[in-house]
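Undergrad: Next up is a structure, given as structure tokens.
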Amino acid sequence: MGWSLFIASLLYFTMTRWNVVNSASDKLVYSLNSFPLLAVPFYILTGILMNTGGITKRIFNFAKALLGHYTGGMGHVNIGASLLFSGMSGSALADAGGLGQLEIKAMRDAGYDDDICGGITAASCIIGPLVPPSIAMIIYGVIANESIAKLFIAGFVPGVLVTIALMAMNYYVAKKRGYPRTPKASRAELCDSFKRAFWAILTPILIIGGIFSGLFSPTESAVVAAAYSVIIGKFVYKELTLKCFSTVVSKLWQLPVWLH
């Protein structure tokens, strides 16, 4: 196989008078001229907007009210919040850079050791590339010429299984080390945290529902998610100022870093 590829490439370049530079430059430019790849920067923008606009904080508080009273509760909160956030940004680094800071601080304040704080946060971030809208799946779909919507469907089960496995391991470690539980939230507190996080929780439903209903493509869903994040950050939660938005846009220059 290797020799076949080598001989075919050699014959091609020989017959085209070794016009390697033009061929390589064309491939470099036109490989990026892809409509589906436009989804990548917009999903990253969505994640940064949510970290800046107070959305991740409300997601974390809702997960805490829902899961915090169980054994290893703050670890479960970490994992559950990462699962919710993954359905919005699809980036592991967006999760670690924004939500991860809240999670580690909250776990330390609850008496958890640094090794379990960092370990759970790092492990839960891998949910991002698994569940839709996964940036890794978008890039793979473009390269392999596969349906991105079908790849998103295939990511549901692995994402849920990883979440369950992480929660089971967190329960075992917390039980063994005797970490304290947080007080159980009352029904009123749970309802209040849900109301505060409702518009944020609606984001993955908007993205996935829009794609699978055929209302818009994965690329269009990324634009919708980014616009939706601006609207709720500015007009609903009122934490996204013009200065914050300019800072968010400037962070997009770090796009090659966010892709890893």
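Numbering follows numbering that gives the first Met the number 0, with no gaps: position 99 of the sequence shown is 98.
Where a beta carbon is used, it is the ideal one built from N, C-alpha and C, also for glycine.
Between which two residues does the alpha helix (DSSP H) holding T202 run?
TA: Here residue 202 is taken as the residue at index 203 of the sequence shown, counted from 1. Note, T202: alpha helix (DSSP H), 186-211.
Undergrad: Around the Cβ of K56, are there at least 16 other Cβ atoms within 10 angstroms (buried) or fewer (exposed)?
TA: As a first step, residue 56 is located in the sequence shown; it is residue number 57 there, counting from the start. K56 comes out buried.
Undergrad: Which term fits H259, buried or exposed, when burial requires 16 or more other beta carbons within 10 angstroms of its beta carbon?
TA: Numbered from 1 along the sequence shown, position 260 holds the residue referred to as residue 259. Here the model assigns H259 a pLDDT of 49, short of 50, so the residue's position is not dependable, and the following value carries that caveat. By the 10 Å Cβ count, H259 comes out exposed.
Undergrad: Considering only C-alpha positions, which residue in the set E238, S90, G72, A221 is nearest to D108?
TA: Taking the sequence shown and counting its residues from 1, one reaches residue 108 at position 109. Nearest option by C-alpha distance: G72.
Undergrad: Between P131 and A64, what straight-line distance do the alpha-carbon atoms span, to the nearest angstrom?
TA: Here residue 131 is taken as the residue at index 132 of the sequence shown, counted from 1. Here residue 64 is taken as the residue at index 65 of the sequence shown, counted from 1. Using only the alpha carbons, I get a separation of about 25 Å.
Undergrad: Does the distance from the CB of G158 to the CB of L150 come in under 7 Å?
TA: Taking the first residue of the sequence shown as 1, we reach residue 158 at position 159. Taking the first residue of the sequence shown as 1, we reach residue 150 at position 151. Cβ atoms of G158 and L150: not closer than 7 Å.
Undergrad: Checking 7 Å against the spacing of the C-beta atoms, do G53 and E238 come in under that value?
TA: As a first step, residue 53 is located in the sequence shown; it is residue number 54 there, counting from the start. As a first step, residue 238 is located in the sequence shown; it is residue number 239 there, counting from the start. It is a contact, given that the beta carbons lie within the stated cut-off.
Undergrad: What's the gap between the Cα of F244 and the Cα of L48?
TA: Sequence index remark: in the sequence shown, residue 244 carries index 245 (1-based). Sequence index remark: in the sequence shown, residue 48 carries index 49 (1-based). So the alpha carbons of these two residues sit roughly 8 Å apart.
Undergrad: Assign F215 to one of three DSSP states: helix, strand, or coil.
TA: Here the question's residue 215 lines up with position 216 in the sequence shown. In the structure shown, F215 sits in coil (DSSP, three-state: anything other than H, G, I, E or B).
Undergrad: How about T218 and P35: are their beta carbons less than 7 Å apart?
TA: Here residue 218 refers to the residue found at position 219 when the sequence shown is read from its first residue. Here residue 35 refers to the residue found at position 36 when the sequence shown is read from its first residue. Yes, the pair counts as a contact, with Cβ atoms nearer than the cut-off.
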